[in-house]
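FYI, the numbering for the sequence shown is 1 to 803, going by full-length UniProt numbering. Quick notes on the structure that follows.
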Amino acid sequence: VTWTETTNYYFKVAYDHLHGALDRFSQFFISPLFNEDATDREVNAVDSEFYKNVQSDQRRLWMLTKTMAHPKHPFSKFATGNLQTLSNEPHKGRDVRAALKQFHEAYYSGNAMKLCVVGRDDVEQLEKWVQEMFSPIVNNDRPTVFEYPVEPFSYQSLGKKYQVVPIRDIKRIVFSFPYPHFEDFKETKPDMYLSYILGYEGAGSLRKLLVEKGWAEELNAAPYFEATDFNIFRISIDLTHEGLQHLEEITSLTFQYLALISNAPPSQALFDQIAKLRSMKFRFSEKIDPASFATLVSRNLFDFEPPRVLSGPALLTKWAPEDIHELLDHYLIPRNCIFTIISKEFEKHAQERPDGWKKEKWYGTLHREVNIDPKKLRDWAHPSSIHSKLTLPPPNDLVPVDFSLRCDQESPPADAERAATDGGPGEAMVQVSARRLDEDRGGGGGGEDDFPQRFRVSTPGESGERTVEILHKMDRKFRVPKGHLYLQLTVPSSQQNPASYLLNDIFMQLLGEELNPLLYDASQAGMGCQMDFYSRGDITISVGGFSEKLPLLMTRVLQAMQSLLTEYKNVHLPPPESSREEEDDDRWEDDDDIQEGLTKGQARKQKLLERFETVRQKEKRRYENSRFAESYHLASRSVNEVLNPRGYSWDQHISFLSNPRQCNPEEMARNVQESLARGDITCFVSGNFHREEAEDTARQAADVLRIDPLLEGEEPVNRCVELPLASGTPGGRGVVVEKTSVDANQPNSAVEVHFQVGLEDLSFERDLLLDLLDQIAYRSAFNRLRTELQLGYIVDTMVRSLY
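What follows is the structure, encoded as structure tokens:
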């Protein structure tokens, strides 16, 4: 993995082959071959990667950010490379292979390297191998911290506005604040404190205010880039169409919120809460893939000593309000900001008035630089007032305090013993229990505790008593106070159609927005929630994380779902004469501001109408943008369209979402009501829960939903188109689907070959054989198609279940 100042090499191998792999791995740093043919192949691979991303808005915007930097600072350089920079231009007078060897000799010095080896062997053995194999690496005392001749960003680029035309239909405003790399910030982490406040999504937050006004869909605030001499903090706001018309107000509100934070003394109580949350997550963090773990540790060794290589980046250990003020008052200010506004609407402006518009050299991104009136910058920096709805985040009441393990208790406690909480942000919570369970307690293999228990409970339905199926498995192996609640509602087969899927999906997104303050607090407290409606006919709601408050979270989600559905049953489209249509003739909306004289109920209905319209437009834009996806994604999607007998094409999705007479709140509410009228409920409870707690959770869910079971014949059946044998098709080629990309500037093509295994051939054993075949085929395909034939950068094989 290559980044601006570091390159990370890693490998993953079966444990009994580690010794040989380490020997081969070390030789690259001792005496690399740099064969001529290997050099040429790698140049072609880099060029393929460049063209893979040439239409990627993310990569294009990243390169545009680099061009805003001072041209004498290395951050401004083209970092990816392509055939032009690595072959065509160097061949005019420079040997690429010789340049590679020179670069290796100059920079691949032992003092600039960090190594992490993860293996089953004991530490002494691993250390011996490392000393034997890596000690020959030359140490030429290369500097590891560089001094650059200029600051990365100067007044020539700061305090200015950049208008950018994207490939996809993106509407976004980005505030980028560069600031020096302060060594002390590694311990005090003021950017983490400010990220928590600026990214908060509950009552009083900037995001909630902008969403309520109908101007924004999402807001993210976090460190964006880190180097040895500077960092970038970024606030990114995804806009609605209406928000694009209120950029001045959005900018003003953003700096009002920053002023609110600056005017209030930094809160140690809030800092301690953030520290506790991070300590809690670190204390009970789960194991990660060995290759990812080795990569993480080797990177962290550049910033932290070995005893703190894991805890250092994760924990908040030092309260330093002066650092918060330093970052907030000196760098998160308008004069130090790069304002980037991204919208397809600029394309028309650039065509009509091309003056000032230009294309970035490597990706061709159309953009222009606009000066901002200095008075505006001063007004934003010193707002005369702060919006009354903006407040600092309150305490999070979802933070767990009970970390006791149910597997250590004979029966579910009436009042669970509160586990000792951590001793504060100054303690590194690394005392994770690692004791191994005896096999007779479920820790070994083959015991009944290794498999979920399946049982049923009776609950009341709308038309009488009904049963809920439960699968329960208590964790006795990993011994962490975490769990997972998964609720699956199988809806009638009549709901297995594209229109129903789209309407239900919109409702799920509206529910997510309604629950956003709750779910955001839950996410900060180590819990997550996922709500989906699948085209196969399942509604699923899953919550996971720290187990103490998961049942409460599930109940609140289900209650909100029923409440929101009840509200939307009473929301109706405005009369045709009062609707206003966009230029694309598919948008209706009410005035943004609540009109005087509206009752609270009327204002709520108006807000629900606006939210529905925002989500409808967002979904339509998502499907439109998907047509500009990478070619290999389009190929995979085309296969799914052919094999799904009930599916819409992407164009049909767009057509449905573009018609408010089909896609409207009334149709959505009617459709969701039909989906929730009858259904079979299955509840899977795993982790730190007793059986009795699983039963209570299932009963509570059924009590809230109060739906009747499916009638005979209503169970959905998943189907897939059966492909004919290739021998029975013209030319023996099988089924061939050819599509042309709608993106005329897309330089890449893709091929996906699909081999269908029918239902009559499926079994548990066959599934395992297919997975094994996939592992073998991937290595062969990658080596032949990418490494040897150089046909493309993305090569993959997979087993995909379509039924």
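Ideal Cβ positions, reconstructed from N, Cα and C, are used throughout, including at glycine.
In the three-state scheme derived from DSSP, where H, G and I count as helix and E and B as strand, T39 is classed as helix.
In the three-state reduction of the DSSP assignment, D538 falls in the strand class, which pools E and B. Between L316 and G713, the alpha-carbon positions lie close to 57 Å from each other. Judged by beta-carbon spacing, L558 lies beyond the 7 Å limit of V685, meaning their Cβ atoms are not closer than that value. Under the DSSP assignment, I261 falls in the alpha helix (DSSP H) whose first and last residues are L247 to N263. Judged by DSSP secondary structure, I776 falls outside any beta strand (DSSP E) and instead within the alpha helix (DSSP H) spanning F764 to A781. DSSP places Y196 in the uninterrupted alpha helix (DSSP H) bounded by P190 to L198. C-alpha of D680 to C-alpha of V468: approximately 7 Å in a straight line. DSSP places K473 within a strand segment (E or B) once states are collapsed to three.
For F146, the closest C-alpha among the options T4, V480 and D651 is that of T4. Ranking V491, V571 and D521 by CA distance to the CA of L553 puts D521 first.
With the rule of 3 Cβ pairs closer than 8 Å, the region 160 to 179 counts as touching the region 48 to 62.
Across the structure, P498 and F478 are spaced so that their CA atoms are roughly 41 Å apart. Secondary structure of V704 (DSSP, three-state): helix.
With respect to the C-alpha of R678, the residue from E667, F656 and E715 having the closest C-alpha is E715.
Ranked by Cα distance from T7, the options Y15, N82, F302 and D40 are led by F302.
Sixteen is the threshold: when 16 or more other Cβ atoms of the shown chains lie within 10 Å of the Cβ of S26, as they do, the residue is buried. Closest in C-alpha terms to F103, from the list F29, C116 and D37, comes F29. Three or more beta-carbon pairs separated by less than 8 Å link the region 628 to 647 to the region 718 to 737, which places the two stretches in contact.
For the set D475, Y331, P334 and R368, the Cα lying nearest the Cα of H349 is the one of R368.
Judged by DSSP secondary structure, H104 falls within the alpha helix (DSSP H) whose first and last residues are V96 to Y107. Membership of T490 in the beta strand (DSSP E) is indicated by the continuous run K482 to T490. Taking a C-beta distance under 7 Å as the contact criterion, L327 and L258 do not qualify as a contact pair. Per DSSP, the continuous beta strand (DSSP E) segment holding D238 begins and ends at F230 to L239.
Contact annotation: the region 662 to 669 does not touch the region 525 to 534, with fewer than three C-beta pairs closer than 8 Å. Separation of the CB atoms of P393 and I324 is rounded to 15 Å, and the pair is thereby denied contact status at 8 Å. Assigned with DSSP and collapsed to three states, C529 falls in strand. Setting aside the 5 residues that flank it on each side, L791 is surrounded in the same chain by L785, each with a C-beta closer than 8 Å to its C-beta; the list follows chain order. At the C-beta level, I470 and A702 stay beyond 7 Å of one another.
Each residue's CA atom was taken as its position, placing L515 and S109 some 53 Å apart. Within the region 668 to 736, the complete beta strand (DSSP E) segments at least 3 residues long are 680 to 687, listed from N- to C-terminus. Here the C-alpha atom of T67 lies approximately 46 Å from the C-alpha atom of Q662. When secondary structure is reduced to three states using DSSP, L366 falls in the strand class. Nearest C-alpha to N748 among E693, V799, L634 and N640: L634. Every alpha helix (DSSP H) stretch that sits fully inside the region 616 to 646 and reaches 4 residues is listed by chain position as 631 to 643.
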